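Numbering (our numbering), first residue to last: 196 to 503.
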């Protein structure tokens, strides 16, 4: 019986590729039964037996490779099941506090600090000092201002926010307690066009009052605060404010700006008379006086120029 050895080899190769783990004894029994039916010659039987050995060997090697990957071992790329992976945004650590764009000459603001500026200007910028619903675009918008500092006490807070031209004092309202003040613009140095650069060691740009109008004021009436704010030299770390009645207030300097407030009570006629400000002095970290300003006049908030 003629035999095509090449065809047999190809058949054996395909058989090995499709081979699965088998029982060698069972396979040999099937071969012997097939030999009985076909009465193959001895050399044909020898070739079939050799093919069986090859198939068994291939199956054994593949089985060994599969068993070598134990359950405790990490799966390889070819054997590991597809598992959805989390996106980079969900697994990355939270980003550091972001900043809004810098404005030359003004302190860098974090996003939460700038949010207080937006809260101070719900109309989008400073408003007219006699009409809180009338915005004045000539003094810029919220994007032109940065948080410069604030004065806090148990009753609330007054903030100093500024641009390169001027500033706004802001006493925000407290929910169910008080109403916010209007953001009234004033020039640095009081006069237009307003210059941010400081001459000398100290400038008192604001000496004014802030009324914290309450929804249900107590016997003392609406809290009224004397506010002193301005600019200081880079070396200055604190500013000391002194009134003619002997009261003093110490204010920390932050990035060249300071703001402080103290409560003032009404007189018997339920009115407020501003206390005269004696002097304001700037000090460095060693306690050395860098400069002082005396005889400071009352400076109500609000810019007056040819456009008003």
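Positions of the beta carbon are idealized from the N, C-alpha and C atoms, including for glycine. Note that the structure is a prediction, hence the values are computed from the model and not measured.
What is the residue span of the beta strand (DSSP E) that residue i lies within?
i	result
residue 310	Per DSSP, residue 310 belongs to no beta strand (DSSP E); it is in the alpha helix (DSSP H), 306-315.
residue 444	443-447
residue 382	380-382
residue 430	Unbroken run through residue 430: none, as it is neither H nor E.
residue 439	Note, residue 439: premise wrong, no beta strand (DSSP E); not H, not E.
residue 400	397-406
residue 472	472-478
residue 389	Neither: residue 389 is in no beta strand (DSSP E) and is coded neither H nor E.
residue 353	351-357
residue 361	361-365
By the three-class DSSP mapping on this structure, what secondary structure does residue i have?
i	result
residue 333	helix
residue 297	coil
residue 338	helix
residue 324	coil
residue 371	coil
residue 494	strand
residue 485	strand
residue 460	coil
residue 377	coil
residue 417	coil
residue 344	strand
residue 268	At residue 268 the pLDDT is 39, less than 50, meaning the model places this residue with poor confidence; the figure from the coordinates comes in the next sentence. In the structure shown, residue 268 sits in coil (DSSP, three-state: anything other than H, G, I, E or B).
residue 455	strand
residue 319	coil
Among the options, which residue has its Cα nearest to the Cα of residue i?
i	options	result
residue 292	309, 301, 315 and 299	309
residue 373	410, 338 and 303	410
residue 350	428, 456 and 482	456
residue 487	495, 427 and 451	427
residue 444	397, 469, 429 and 422	422
residue 340	454, 296 and 413	296
residue 442	315, 451, 449 and 459	459
residue 404	344, 334, 452 and 472	472
residue 379	320, 369, 298 and 437	320
residue 357	461, 406, 313 and 375	313
residue 449	336, 344 and 317	344
residue 384	377, 394, 307 and 440	394
residue 402	299, 342, 355 and 375	355
residue 367	377, 322, 413 and 318	377
residue 451	334, 397 and 353	397
residue 490	481, 399 and 483	399
residue 335	412, 360, 498 and 413	360
residue 338	317, 328, 327 and 353	317
residue 362	382, 298 and 327	382
residue 298	315, 342 and 407	342
residue 446	348, 407 and 333	348
residue 327	413, 375 and 485	375
residue 364	330, 461 and 406	406
residue 485	429, 353, 352 and 470	429
residue 315	301, 302, 461 and 369	369
Use the C-beta contact count for residue i: other C-beta atoms within 10 angstroms, 16 or more gives buried, fewer gives exposed.
i	result
residue 425	buried
residue 256	Any reading at residue 256 must be qualified, since the residue scores a pLDDT of 42, below 50, and its modelled position is unreliable; the value itself is stated next. It is exposed - the Cβ of residue 256 has fewer than 16 other Cβ atoms within 10 Å.
residue 346	buried
residue 304	buried
residue 371	exposed
residue 307	exposed
residue 439	exposed
residue 493	exposed
residue 325	exposed
residue 495	exposed
residue 453	buried
residue 498	buried
residue 483	exposed
If you measure from the CB of residue i, is any heavy atom of the ligand COA nearer than 8 Å?
i	result
residue 315	Looking at this structure, you won't find the ligand COA or any other ligand, since it has none at all.
Quick one: does residue i have its CB under 9 Å from some CB of chain C?
i	result
residue 359	Note that chain C does not occur in the displayed structure, where there is just one protein chain.
Is the stretch 411-421 touching the stretch 388-397, taking contact as three or more C-beta pairs under 8 Å? no
Cβ contact (3+ pairs, closer than 8 Å) linking the stretch 433-447 and the stretch 476-492: yes
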